[in-house]
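Down below is the structure, laid out as structure tokens.
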Amino acid sequence: MRNLTMLTDLYQLTMMYGYLKSGMRDNIATFDMFYRSKDESTHYAIMAGLEQLIDYLKNLHFDEEAIDYLRSLGIFDEEFMQELRDFKFSGDVYAVPEGTIVFPGEPLVRVTAPIFEAQLVETALLNIINHQTLIATKASRVVQAAEGGTVMEFGLRRAQGPDAGIYGARAAIIGGCKSTSNVLTGQMYSIPIAGTHAHSWVMSFPDEITAFRKYAEMFPTSCLLLVDTYDTLKSGVPNAITVFNELRAVGHEPVGIRLDSGDLAYLSREARKMLDAAGFPNTIICASGDLDENLIRDLKLQGACIDTWGVGTKLITSEDCPSLGGVYKMSAETIDGQVIPKIKISENPVKITNPGIKRLWRIYDNKTGKATADLIALNHESYDTSKPLTIYDPVNTWKSMTLTDYSMKELQVQIFDKGECVYESPSLKEIQQHCAEDLDTFWDQYKRLLNPHRYKVDLSDSLWMLKNSMLQSHRRG
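Residues in the sequence shown are numbered consecutively from 0, following numbering that gives the first Met the number 0.
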């Protein structure tokens, strides 16, 4: 377990120093982590990264090397150094479990702790949750476009550093990928790894068929050949068929072929015809090469005969949306047992925060089992599902819907209680299964890749009134 305590921005430390010197060190503050959607690529998101956040919080401490470095900066005094030496996270954390579908503005993580502690964790928390949630969401979109085809994560060599490769692959599995090419991630999280051979393997032999034969000799039960090194249809597929016949003659069935370049729709259709005619209708065709959900969707519309998809660069970097837009904002202070709501006001309405200590509820239609809406409510509020519930559009308040036959589920669960972890992280396989089951509770119109229908996320009446009264008070002030 790595010590990531110093993975922070300098201003977190200067604010901590200021809180200490202002006598505010032990003021209890509540912060919410949520994200703001930039475009359709994050109209929903897959919560991910919680396991790594837990590890970070468990291991928070300033070692002597860190303290010596901070002392060398000449901006902090020895009282502060001693506070850091004794530092341990003592707060409460609530979070949405990994693999859960979430929406913009919803509190994904809630931290309540002395402000000296709650301030420090902002940077690392955002770094961890933003990245994995982004990649899990991208993977979910890719898997959705594949419409049941197997998706393999192939992005390690293009990831933005080792950690992005490791944890990006982990997040991709949460989002629905079946395997990864990343051997270290496979080892760390007990997930399937996948891969065949590169063009360099074929180029290392005198000719293509010799390379194919040698590979089949070494891996007779898992033979999948890359056929586009020289000429896919004139040599690659015919040579693969020759080797497949030789394999069959000694009692082994081939797995299939991989296409990594060219017109994948045309080449896969032609290759499928050739393989079927040669007596190999059960061999798969795998495609790779700068794929994403948009290209996969288009290839399927063109009748591509592709069974499995190896998706790398555009998945592991989330090329079209390289950041999630997650933020960490103070929502309340607790002084002498009294909760004092806090709100950030902006001329940009999307940047106005929701005040108070909050809970997040999901509402389901009992007849269909489908998710109907989410409700952000104040912490003290509870609901009787035997009574009708009216929800509103938070902006266009004239839009409303009254629910009668419904059930509610609280999405946040407690992770830390007074600094002690009270949550047991599920396995990655269990998180992936939860994600798949959660996605199934949403109607297709909310999951469309293009022009999705906006899912309803409402504020409770009490929260809406609190927010608007604070806005009005600010205007009058």
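Yeah, the Cβ is synthetic: ideal placement off N, Cα and C, and Gly gets one too. Predicted model, so just to flag it, every value in this text is computed and none were measured.
If contacts are defined as beta-carbon pairs under 8 Å, then Asp289 and Thr312 qualify, I think. What distance do you get, rounded to the angstrom? 6 Å
Assuming Leu314 and Gly154 are in contact, meaning their beta carbons sit under 8 Å apart, how far apart are those beta carbons, in whole angstroms? 5 Å
Alpha-carbon to alpha-carbon, Arg169 and Val394: 36 Å
Under the three-state reduction of DSSP, which class applies to Trp397: helix, strand or coil? coil
Should Tyr560 be labelled buried (16 or more other beta-carbon atoms within 10 Å of its own) or exposed? In the structure as shown, the chain starts at 0 and stops at 476, and residue 560 therefore has no counterpart that could be examined.
Helix, strand or coil for Tyr382, going by three-state DSSP, please let me know. coil
Nonlocal neighbours in the same chain, by C-beta distance under 8 Å from Thr41, ignoring five residues either side: Tyr34, Pro103, Leu133, Thr136, Cys320, Leu323 and Gly324
Residues that Met32 bridges to, as DSSP identifies them: Note: Met32 sits in a beta bridge opposite Val108 and Tyr327.
I need the straight-line Cα distance from Pro219 to Val242, nearest angstrom please. The straight-line gap separating the alpha-carbon atoms of Pro219 and Val242 is approximately 10 Å.
Taking only three categories from DSSP, how would you classify Leu72? coil
Taking 8 Å as the threshold (C-beta atoms), are Val201 and Ala210 in contact? yes
Buried versus exposed, by CB contacts within 10 Å (16 or more), Val226: buried
Suppose you measure from the CA of Asp31 to the CA of Val326; what does that come to, to the nearest Å? Taking C-alpha positions only, Asp31 is separated from Val326 by approximately 8 Å.
Proximal residues to Thr307 (C-beta, below 7 Å), its chain only, five neighbours per side dropped: Gly148, Thr149, Met151, Ile283 and Cys285
Going by beta carbon distance, what residues of the same chain come within less than 7 Å of Tyr391, once the five residues before and after it are set aside? Lys398, Ser399 and Asp457
In terms of DSSP beta bridges, what is Asp469 paired with? In the sequence as displayed, the identity of residue 469 is Met instead of Asp. None, per the DSSP bridge assignment.
Under 8 Å Cβ to Cβ from Leu266, same chain only, skipping five residues before and after it: list those, please. Asp227, Thr231, Leu232 and Leu258
Looking at C-alpha atoms only, which residue of Phe88, Asp85, Leu6 and Ser180 is the closest neighbour of Thr122? Leu6
In whole angstroms, give me the CA-to-CA distance for Leu59 and Asn378. If you draw a straight line from the Cα of Leu59 to the Cα of Asn378, it is about 28 Å long.
By Cβ distance below 8 Å, which residues in the same chain neighbour Thr99 in space, the five residues on each side in sequence not counted? The beta carbon of Thr99 is closer than 8 Å to those of Ile45, Met46, Leu410, His433, Cys434 and Asp437 in its chain, skipping five residues each way along the sequence.
Assign Val249 to one of three DSSP states: helix, strand, or coil. Val249 sits in coil when the DSSP states are folded into three classes, being neither helix nor strand.
Which residues in the same chain as Gln413 place their Cβ atom closer than 8 Å to its Cβ, once the five residues preceding and following it in sequence are excluded? Asp91, Val92, Tyr93, Val421 and Tyr422
What are the start and end residues of each continuous alpha helix (DSSP H) run of 4 or more residues lying completely inside the stretch 235-287, in chain order? 236-248 and 263-276
Is it the case that the Cβ atoms of Val141 and Glu292 are separated by a distance below 8 Å? yes
Can you say whether Arg156 is buried or exposed, counting buried as having 16 or more other CB atoms within 10 angstroms of its CB? exposed
Should Gln143 be labelled buried (16 or more other beta-carbon atoms within 10 Å of its own) or exposed? buried
The alpha helix (DSSP H) enclosing Leu133, as first and last residue numbers: Glu121 to Ala145
Residue(s) in a DSSP beta bridge with Thr333: According to DSSP, which records beta bridges pairwise, Thr333 is partnered with Ile27 and Val338.
Judging by CA-CA distance, which residue of Ser461, Pro253 and Leu119 is the nearest neighbour of Ala277? Pro253
In or out: Gly174 buried (at least 16 other Cβ within 10 Å) or exposed? buried
Which value, in whole angstroms, describes the spacing of the CA atoms of Met273 and Asp297? Distance between the alpha carbons of Met273 and Asp297 is about 23 Å.
Status (buried if at least 16 other CB within 10 Å, exposed otherwise) for Asn129: Buried is the label assigned to Asn129, since at least 16 other Cβ atoms lie within 10 Å of its Cβ.
Do you know how far the Cα of Gln131 is from the Cα of Gly250? 44 Å
Please list the terminal residues of the continuous alpha helix (DSSP H) segment that includes Lys455. No alpha helix (DSSP H) holds Lys455; the beta strand (DSSP E) holding it covers Lys455 to Leu458.
Taking Arg310 as the reference, give the member of Asp62, Val95, Gln51 and Ser139 with the closest Cα. Checking the displayed sequence, the identity of residue 310 turns out to be Val instead of Arg. When each option's Cα is compared against that of Val310, the closest is Ser139.
Bridge partner(s) assigned by DSSP for Ala117: Paired residue(s): none; Ala117 is not in a bridge.
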